[in-house]
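The number in the numbering used here is simply the position in the sequence shown, starting from 1, with 5 added.
From the three backbone atoms N, C-alpha and C, an ideal C-beta is built for every residue, glycine too.
Taking it in order: structure first as structure tokens, then the write-up.
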Amino acid sequence: MKLKNGERLTPKYVGEWALNNTNILLMFLLIIVGAVTSQSFFSGTNLANVLKQITINGMLAVACTMTLLVNGFDLSIGHIMALSAVLCIGFEKTHGGAVAIAIALGAGAAVGLINGLLMKLTRGGSGEGFMITLATAASLLTYTPPPSWASLPVI
6 MKLKNGERLT PKYVGEWALN NTNILLMFLL IIVGAVTSQS FFSGTNLANV
56 LKQITINGML AVACTMTLLV NGFDLSIGHI MALSAVLCIG FEKTHGGAVA
106 IAIALGAGAA VGLINGLLMK LTRGGSGEGF MITLATAASL LTYTPPPSWA
156 SLPVI
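Written out as structure tokens, the structure reads:
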């Protein structure tokens, strides 16, 4: 069997492909194991639960990818997301969902704009970028509550 680039499908080619795509193979292996061991693995409830669990990580991955595509980095992405979540939850009770989402998006955009302007003013070297985004992350800790486990007594 010939491939698109004219190479033949040999055991060496298959082995190299498997080594280069180990993550994909492991994902399919885990899906097969889950399907064999659980009758409800492909149920709508389970798939919805998996999608709910990966939403936050997916949004953070998109934000990090966008930052890395322009050859930069941002230490405050997670903190900006936490601030937006806290604002959205806080304003949702009093102003409704649409207003809360608008406020959360506006706050995230404003913090991003401040980061961007500071990067532009300092010409955005790697040292400056590190310090600016670290300072932004530290300042946002003031506005987001600590995790629930932080208030547990130490034994």
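(request) Please say whether Ala115 and Ser89 have beta carbons closer to each other than 8 Å? (result) Position 84 of the sequence shown, counting from 1, holds the residue named residue 89. Position 110 of the sequence shown, counting from 1, holds the residue named residue 115. Not a contact, by the Cβ cut-off of 8 Å.
(message) Restricting to Cα atoms, I'd like to know which of Trp22, Gly101 and Ile82 is closest to Leu139.
(response) One-based indexing of the sequence shown puts residue 139 at position 134. For the residues Trp22, Gly101 and Ile82, the minimum Cα distance to Leu139 belongs to Ile82.
(request) Under 8 Å by Cβ, that's how I've got Ile137 and Gly113 pegged, so tell me the actual separation to the nearest angstrom. (result) As a first step, residue 137 is located in the sequence shown; it is residue number 132 there, counting from the start. As a first step, residue 113 is located in the sequence shown; it is residue number 108 there, counting from the start. At roughly 16 Å, the Cβ-Cβ gap does not stay under 8 Å, so Ile137 and Gly113 are not in contact.
(message) Tell me which residue opens and which closes the alpha helix (DSSP H) that Val55 is part of.
(response) Taking the sequence shown and counting its residues from 1, one reaches residue 55 at position 50. That run of the alpha helix (DSSP H) goes Gly49 to Leu74.
(request) Leaving aside the five residues before and after Gly134 along the sequence, list all residues of the same chain whose C-beta is less than 7 Å from its C-beta, in chain order. (result) For the purposes of this step, residue 134 is identified with residue 129 of the sequence shown, where counting begins at 1. For Gly134, where only same-chain residues beyond five positions count, the Cβ hits under 7 Å are Gly77, Phe78 and Met124.
(message) Measuring straight from C-alpha to C-alpha, what distance separates Gly121 and Ile106?
(response) Along the sequence shown, read from residue 1 onward, the residue named residue 121 stands at position 116. Along the sequence shown, read from residue 1 onward, the residue named residue 106 stands at position 101. Each residue's alpha carbon lies about 22 Å from the other.
(request) Please list, in chain order, all residues of the same chain as Asn51 whose beta carbon is under 6 Å from its beta carbon, the five residues on each side excluded. (result) Start at 1 with the first residue of the sequence shown, and residue 51 comes out as number 46. Within the same chain, Asn51 has close Cβ partners Ser45.
(request) Could you check if Leu65 is buried or exposed, using at least 16 other CB atoms within 10 Å of its CB as the buried criterion? (result) Here residue 65 is taken as the residue at index 60 of the sequence shown, counted from 1. Counting Cβ neighbours within 10 Å, Leu65 comes out exposed, since fewer than 16 surround it.
(request) For Leu31, count neighbouring C-beta atoms within 10 Å of its own C-beta (all shown protein chains included) and say buried if the count is 16 or more, exposed if not. (result) Sequence index remark: in the sequence shown, residue 31 carries index 26 (1-based). Burial call: exposed.
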